[in-house]
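**Q**
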Amino acid sequence: MKKKLRAGLIGCGNVALNHHIPALNCLDGVEVTGVADPTAANRELARLALKLPDRAAHADHRGLLKSSINYAVLAAPPQFRPAIVADCARAGVHVLTEKPLCVVPAEGQVMIDRMQEADLSFGMIHNWLFLPEYRLAHKLVLSGSIGTPRHITLQQLGMRVNPGNANYHRHWRHDFAHSGGGILMDLVHLIYLAIHLMGRPIQAVSATVDNFDRDGEQVEEFATAQLHFDGGYVSANAWWGQGPNGFELSGTAGYIVHFQNTSGDSVLSQVTVVNSDGPRSYPVTTNKTDPCTGSFATVHRDFIQAILENKEPVAPATAGLTALEGVIAAYASAATGQTVPLPLDRGSSLFKKGTAGIRDLPIRPDSPVSKRRLFGLKEC
Ligand SMILES: NC(=O)c1ccc[n+]([C@@H]2O[C@H](COP(=O)([O-])OP(=O)(O)OC[C@H]3O[C@@H](n4cnc5c(N)ncnc54)[C@H](O)[C@@H]3O)[C@@H](O)[C@H]2O)c1
133 MKKKLRAGLI GCGNVALNHH IPALNCLDGV EVTGVADPTA ANRELARLAL KLPDRAAHAD
193 HRGLLKSSIN YAVLAAPPQF RPAIVADCAR AGVHVLTEKP LCVVPAEGQV MIDRMQEADL
253 SFGMIHNWLF LPEYRLAHKL VLSGSIGTPR HITLQQLGMR VNPGNANYHR HWRHDFAHSG
313 GGILMDLVHL IYLAIHLMGR PIQAVSATVD NFDRDGEQVE EFATAQLHFD GGYVSANAWW
373 GQGPNGFELS GTAGYIVHFQ NTSGDSVLSQ VTVVNSDGPR SYPVTTNKTD PCTGSFATVH
433 RDFIQAILEN KEPVAPATAG LTALEGVIAA YASAATGQTV PLPLDRGSSL FKKGTAGIRD
493 LPIRPDSPVS KRRLFGLKEC
């Protein structure tokens, strides 16, 4: 019988309980042998869902790291990752982390360096790469169906506010010190998808972020970012509000449109490609209730292969750092009214402090960031 990898779960909140545990329970190549979470109720829920003995549940991740696991799944909020990853590197444990990589790019770089020095795999849960509509669009782009992509619109305007776990901190996504940003930080998916679909790096970002109905909040509820590429642009739009979700890709030889309609437990969506052969539609049906075929299971499968074959996972931590820089550049642009080049200057406040580094920039007093006092700005 093939040996299974031993995985440990660090952070047992909503994404762990609803997505990672059901996905991991489907996989042959891995067995979850322990969990860690300072919130006793959540660690107990995870322990029961995994049918583990009492001794396998730890209040502190360092206890879990002593139990000879091969890889840790990091599903605690992002600002805890630097300390946890440093301990994983010391313990010789591979890491698969939830997005965003962390909230401060310089800390992300240190994590990447430590894991590299320890010769360990460090992967991102960039699971939207594996959603069927994006996979299909990517395949169509690679096959030349629309020529060279010139403009993409990625829309997530109908996002429901995703609260933190009630046993922990329901409001952490809106607490700047905890999250480092609002909807765009949460939907960093849009930044890595933009890079993936365009097939080239982002060169600069210009953006606006705002709050319409949540005055007094520390982070944005709405973001519209223009990502500049060599010979192309992506508009990434996100709102904890009402609106369509989906995408449009325009290329030199045609275009692709994705329409998404959510009903019940399944998402019915359709991808249509229009080119010189005429229009062609592909239905995309995802059964969201089947964790074994979903995007989380696919990410774990890929990471297990990466460990076993000593190769890069589909989304290495360096891709997480690039995506994080895209989010922070968007916030800086929204605050200053200027286009921000990427990658961030390694010596800049933005790189060293993340979104908090905006305070060191010339902020436009008429920008929504300033007027709403987002991101910990007191007054300008
Ligand atoms: N890939 C996706 O599609 C997706 C979906 C949802 C959430 N996420 C990401 O997953 C992460 C967690 O989100 P969530 O919605 O599960 O949050 P949550 O509030 O539901 O759970 C967070 C959990 O982390 C625990 N925790 C806090 N500090 C910890 C520490 N030092 N060590 C271990 N555990 C700790 C809390 O006690 C809580 O149980 C976030 O980074 C979020 O962006 C990703």
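Counting in this note's numbering, the sequence shown tops out at residue 512, every number present. Just so it is clear, CB atoms sit at the ideal spot from N, CA and C, and this is done for glycine as well.
Taking the alpha helix (DSSP H) that alanine 429 falls in, what are its first and last residues?
**A** 427-441
**Q** Ligand 1 heavy atoms versus the CB of glutamate 230: any closer than 7 Å?
**A** yes
**Q** So proline 415 and glutamine 287 are in contact, right, with Cβ under 8 Å, and what is the actual spacing, rounded?
**A** Contact flag wrong, Cβ pair sits at about 20 Å.
**Q** By Cβ distance below 8 Å, which residues in the same chain neighbour leucine 289 in space, the five residues on each side in sequence not counted?
**A** Asn369, Ala370, Trp371, Gly373, Gln374, Gly375, Pro376, Asn377
**Q** Cβ-heavy atom distance between isoleucine 142 and ligand 1 below 7 Å?
**A** yes
**Q** Could you name the residues that DSSP lists as bridge partners for aspartate 524?
**A** Because the chain spans 133 through 512 in this model, residue 524 falls outside it and cannot be assessed.
**Q** At the level of alpha carbons, what is the spacing between glutamine 350 and phenylalanine 507?
**A** 6 Å
**Q** Buried or exposed: aspartate 431, going by 16 or more other Cβ atoms within 10 Å of its Cβ?
**A** The residue you asked about is not aspartate; residue 431 is valine in the sequence shown. So valine 431 counts as buried.
**Q** Return the chain-ordered list of same chain residues with a C-beta closer than 6 Å to the C-beta of leucine 482, the five sequence neighbours on each side being excluded.
**A** Ile460, Ala464, Leu476, Gly489.
**Q** For tyrosine 266, which of helix, strand or coil comes out of DSSP?
**A** DSSP places tyrosine 266 in the helix class (H, G or I) of the three-state scheme.
**Q** How would you label alanine 451, buried or exposed, when you count the other beta carbons within 10 angstroms and need 16 or more for buried?
**A** buried
**Q** For the candidate residues Lys198, His193, Ser200, whose alpha-carbon lies nearest to that of proline 214?
**A** His193
**Q** Mind checking phenylalanine 308: buried by the 16 CB within 10 Å criterion, or exposed?
**A** buried
**Q** For aspartate 219 and proline 333, what's the separation of their Cα atoms in angstroms?
**A** 31 Å
**Q** If you run the structure through DSSP and keep just helix, strand and coil, what is leucine 377?
**A** What sits at residue 377 in the sequence shown is asparagine, not leucine. In the structure shown, asparagine 377 sits in a strand (DSSP, three-state: E or B).
**Q** Can you tell which of Thr340, Ala385, Val501, Asp345 has its C-alpha closest to the C-alpha of threonine 471?
**A** Thr340
**Q** Could you tell me if the beta carbon of glycine 145 falls within a distance shorter than 7 Å of some heavy atom in ligand 1?
**A** yes
**Q** Does tyrosine 300 come out as helix, strand or coil in the three-state DSSP assignment?
**A** coil
**Q** Could you check if isoleucine 257 belongs to the surroundings of ligand 3, using beta carbon to heavy atom distance under 7 Å?
**A** As presented, the structure is devoid of ligand 3, carrying ligand 1 as its sole ligands.
**Q** Any heavy atom of ligand 1 closer than 7 Å to the CB of asparagine 174?
**A** Within the chosen limit of 7 Å, ligand 1 reaches the beta carbon of asparagine 174 through at least one heavy atom.
**Q** Answer yes or no: the CB of histidine 301 versus the heavy atoms of ligand 1, is any distance below 7 Å?
**A** yes
**Q** Measuring alpha carbon to alpha carbon, tell me which of Tyr387, Arg246, Leu252, Ala208 ends up nearest glutamate 441.
**A** Leu252
**Q** On a Cα-Cα basis, can you pick out the residue from His226, Glu265, Val227, Asp160 that is closest to serine 427?
**A** Looking only at His226, Glu265, Val227, Asp160, the smallest Cα-Cα distance to serine 427 is reached by Glu265.
**Q** So, helix, strand or coil for asparagine 294, using DSSP?
**A** Residue state, collapsed to three classes: coil.
**Q** Quick one: residues in its chain with C-beta nearer than 7 Å to the C-beta of aspartate 434, no 5 flanking neighbours on either side, listed in chain order?
**A** So the qualifying residues of the chain are Pro445, Val446.
**Q** Using a Cβ-Cβ cut-off of 7 Å (strictly less than) and excluding sequence neighbours within five positions of alanine 148, which residues of its own chain qualify?
**A** Leu141, Ala178, Ala207, listed in sequence order.
**Q** By Cβ distance, which residues of its chain are closer than 8 Å to alanine 173, with the 5 residues on each side in sequence left out?
**A** Asn299
**Q** Note down, in chain order, each residue of its chain lying with its Cβ closer than 7 Å to the Cβ of serine 499, except the 5 sequence neighbours on either side.
**A** Ala466, Ala467, Gly469
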